[in-house]
Amino acid sequence: HGRLKVKTSEEQAEAKRLEREQKLKLYQAATQTVFQKRQAGELDESVLELTSQILGANPDFATLWNCRREVLQQLEVQKSPEELATLVKAELGFLESCLRVNPKSYGTWHHRCWLLGRLPEPNWARELELCARFLEVDERNFHCWDYRRFVAAQAAVPPAEELAFTDSLITRNFSNYSSWHYRSCLLPQLHPQPDSGPQGRLPEDVLLKELELVQNAFFTDPNDQSAWFYHRWLLGRDCFFPQLIPRTPCLLLKGTVDGGPGSPLAVEWRTPEGRNRPSHVWLCDLPATSLNDQLPQHTFRVIWTAGDAQKECVLLKGRQEGWCRDSATDEQLFRCELSVEKSTVLQSELESCKELQELEPENKWCLLTIILLMRALDPLQYEKETLQYFQTLKAVDPMRAAYLDDLRSKFLLENSVLKMEYAEVRVLHLGHKDLTVLCHLEQLLLVTHLDLSHNRLRALPPALAALRCLEVLQANDNVIESLDGVTNLPRLQELVLCNNRLQQPAVLQPLASCPRLTLLNLQGNPLCQAEGSSEHLAELLPSVSSILT
Amino acid sequence: FVFLILSWGTWQKDVIIQSDAPDTLLLEKQGNYIVSYGSKKDDYEYCVSEYLRMSVIYWDLIGQLHSMNREEILTCIQSCQHECGGISVSIGRGPHLLYTLSAVQILSMILWNMFRVYRNKMALLLEILGGKLIRDSLFVQWQLWLYWGSWMLLMWKRQLNLSCMNFDGGFGCRPGSESHAGQDSCLLLVSCTK
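So the protein lines, in turn, are chains A and B.
Residue 273 in this note's numbering is what sits at position 269 of the first sequence, and the numbering runs on without skipping anything.
Residue 118 in this note's numbering is what sits at position 114 of the second sequence, and the numbering runs on without skipping anything.
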């Protein structure tokens, strides 16, 4: 005797089972009691005691946090201010201990928010310090960040101070996505734009400072995505953001020879697809009597009812069309205005990135940033080089090949629009460009002949309805399966769709809404093989005189 | 609008999946595990994880739709529904957005017809929240508004609120919150439906 009795593994297992059974009994007993008391309306300190036992181990038990709130609300009315102060102190302490157990419990943070929101004299400085402590342990804990934002808002902490806080975190460790994100929220707050101006812009000196900061970050640790993402966001900060204009414009028609004022015409505006949604293109029908053939010209003025914007264009006698147009290059549609200083900074960044790319050929962020910098500097000059970089990037990051193809298509379309500026272009050649997707179609409003052949398009999308002047559309040798966008094109006469993937005649349904369509070439599509397709097509599109299958 | 989803991933933290790793979702095994888990009503972990019960049933059903006892589940959901229309995670608990969602998902999977009965009460809940009326008895997690809201949109097709969109094109829990894959995936799914 006197020897230590060592339990066998069987006994150990049994002991463990008993322990858990015991634990369960206590847990269930406590829970039961809490619910019973709540049911009976006995919202007192004993409930606090019981719930703290359970929540301490399992802070995700949401209903118990509700219970605690009910008790605290009850006690608020019953207790004296001194007693309440003690209670609050205890509650805050309890919350902190829960957070130490699980710093990512929604319930705990929410409860702390709730509590602080009710205090007559909350100590926000202490809360900020708490956030700083928890972020030291885990600087990505978004619960803590959200709580910090709540505290900053409540305590009216100036955005500049919060920005300084992110500074301190970033200096310590560049790989700090949460801090960069917070900066992206704080900077626009610190530099608000006038309501009339485009939102989201940053003053140039601020922008250049941020570029310097973020450059340090991604050159120090090129493998961390945070800085690269933030850089991309910065590059877009000066650009024009199309805004939703909630006001509907009215149309003013001036028709008299002596230029006397006309009175506004009541017209209804609609989108080409007929859906009442934000759109780049709006149509209205003029009353039949509004145009007078005798007059040498008509002047149309569109006025937004607030009176702050107006556009005017002239229709000459005998002409079918007239237009007024802002230049894409003037408005810097696709990229930002570059001052000499910014241009220099971006140019040197581009050079540095190219050097980095030679050292780290597998780094996809670097490659993408090179492309974005070239677009920001001079999209047309760098077009060829950009396409080469896309090749390299696709090889380095094949999983994102489809995304990159679409991005590449977007950039090519932007370049085409920019090139259109240098000649009044109504015929646009976009064939053989390996396009996978179409965008900026609202820029092609005046195009009459469009060549999209020999690309990799899967669809002619609804946005195509913007091409109100389109007469001839060549879309052969793609992989088109859907023609949703070929609807209500009032001038479309000829449509070439050879060698695509149109499966059934039904796919051509949208074309029935194009009143002037006379020639349709469908050779080399699967639907041509189907039985009775010619008849079906004739039925579907009775006014199309020539359908080639 | 342009949607840059956080699809780039955290480059250096990628896990290399071995070539012999399973590539099919083992639905049956998952279902069996959860069903057997459910039979351990005396198990400590089972009880402690009661705060997840409704969601567990939902995930369970994905693997076991054909063999589930519909009546039992419907009764369970019914007994979890509260006056305000919200549904709690299990019997006796408070109504909760997340578990209302799980219940809605379960119902839509089981019986679309019966779902209409619950839908009227859900509509009431939606109105209450839409009017920003927060009741303490309803544990409203504003952090998860977007998650819940986006799924409800799937059912009721309302306007999306883009105030939670961030610098990287992703979405956070609330305006100002960092992008979160859970929110992103929900909104992506919603935006895919017309």
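Beta carbons are placed, not taken as given, at the ideal position from N, Cα and C, and that holds for glycine.
Counting only Cβ-Cβ distances below 8 Å, SER181 of chain B has contacts in chain A at PHE146, TRP149, ASP150 and ARG153, in chain order. Close to TRP237 of chain A, with beta-carbon spacing below 8 Å, are these residues of chain B in chain order: PHE171 and ASP172. Closest in C-alpha terms to VAL431 of chain A, from the list A:LEU439, A:TRP273, A:VAL441 and A:LEU448, comes A:LEU448. Against chain B, the CB of SER352 of chain A has no partner CB under 8 Å away; the residue lies outside that interface. Annotation for ALA463 of chain A: ILE484, GLU485, SER486, LEU487, ASP488 and GLY489 place their beta carbon closer than 8 Å to its own, counting only its chain and skipping 5 residues before and after. Counting every other CB atom within 10 Å of its CB across the protein chains shown gives GLY180 of chain B a total of 16 or more, marking it as buried.
A contact is defined here as three or more CB-CB pairs under 8 Å, and the region 61-72 of chain A meets this definition with respect to the region 101-113 of chain A. Residue pairing from DSSP places PRO99 of chain B in a beta bridge opposite B:SER92. Taking the Cα positions, ALA136 of chain A is about 29 Å away from GLU53 of chain A. DSSP, reduced to helix, strand and coil, places TRP118 of chain A within a helical segment of the structure shown. Judged by DSSP secondary structure, ILE21 of chain B falls outside any alpha helix (DSSP H); it is assigned neither H nor E.
Within the region 203-234 of chain A, not a single complete beta strand (DSSP E) segment reaches 3 residues in length. Interface criterion not met: the Cβ of ASP488 of chain A is under 8 Å from no Cβ in chain B. Taking C-beta atoms under 8 Å as the contact rule, ILE91 of chain B and ALA107 of chain B qualify, at a distance of about 4 Å. SER188 of chain A has a beta carbon lying within less than 8 Å of a beta carbon in chain B. In the three-state scheme derived from DSSP, where H, G and I count as helix and E and B as strand, GLN497 of chain A is classed as coil. Within chain A, the residues whose beta carbon sits less than 7 Å from that of TYR55 of chain B are ASP64, PHE65 and ALA66, listed in sequence order. The shortest CA-to-CA distance from LEU173 of chain A to any of A:SER356, A:ASP142 and A:CYS317 is the one to A:ASP142. ASN482 of chain A has its alpha-carbon roughly 19 Å from the corresponding atom of LEU523 of chain A.
In this structure GLY176 of chain B is buried. Its beta-carbon is surrounded by 16 or more other beta-carbon atoms within 10 angstroms. Interface annotation, CYS88 of chain B: not in contact with chain A, CB-CB separation never under 8 Å. Contact between the region 226-244 of chain A and the region 175-191 of chain A is present: 3 or more CB-CB pairs across the two stretches fall below 8 Å.
Measuring C-alpha to C-alpha distances from LYS108 of chain A to each of A:ALA89, A:LEU132, A:LEU139 and A:PRO126 identifies A:LEU139 as the nearest. In the DSSP annotation of this structure, the continuous segment of the beta strand (DSSP E) that includes GLU316 of chain A starts and ends at 314-320.
As a beta-bridge residue in DSSP terms, CYS288 of chain A pairs with A:TRP273.
Of the residues assessed, CYS328 of chain A falls on the exposed side of the cut-off, its CB having fewer than 16 other CB atoms within 10 angstroms. For SER101 of chain A, no CB of chain B lies under 8 Å from its own CB, so it is not counted at the interface with that chain. Per DSSP, reduced to three states, the secondary structure at GLN301 of chain A is strand. Rounded to the nearest angstrom, the gap between the Cα atoms of LEU545 of chain A and ALA534 of chain A is 17 Å. Counting the other CB atoms within 10 Å of its CB gives VAL344 of chain A a total below 16, which places it among the exposed residues. Around the C-beta of TRP237 of chain A, 16 or more other C-beta atoms lie within 10 Å, and the residue is accordingly described as buried. Per DSSP, the beta bridge partners of ALA463 of chain A are A:SER486.
Put simply, the CB of ARG74 of chain B is far from chain A, with every gap to its CB atoms at 8 Å or more. Close to GLY96 of chain B, with beta-carbon spacing below 7 Å, are these residues of chain A in chain order: PHE39. At a cut-off of 8 Å between beta-carbon atoms, HIS195 of chain A makes no contact with chain B. For CYS177 of chain B, the residues of chain A that pass the 8 Å Cβ criterion are PHE146 and ASP150, in the order they occur in the chain.
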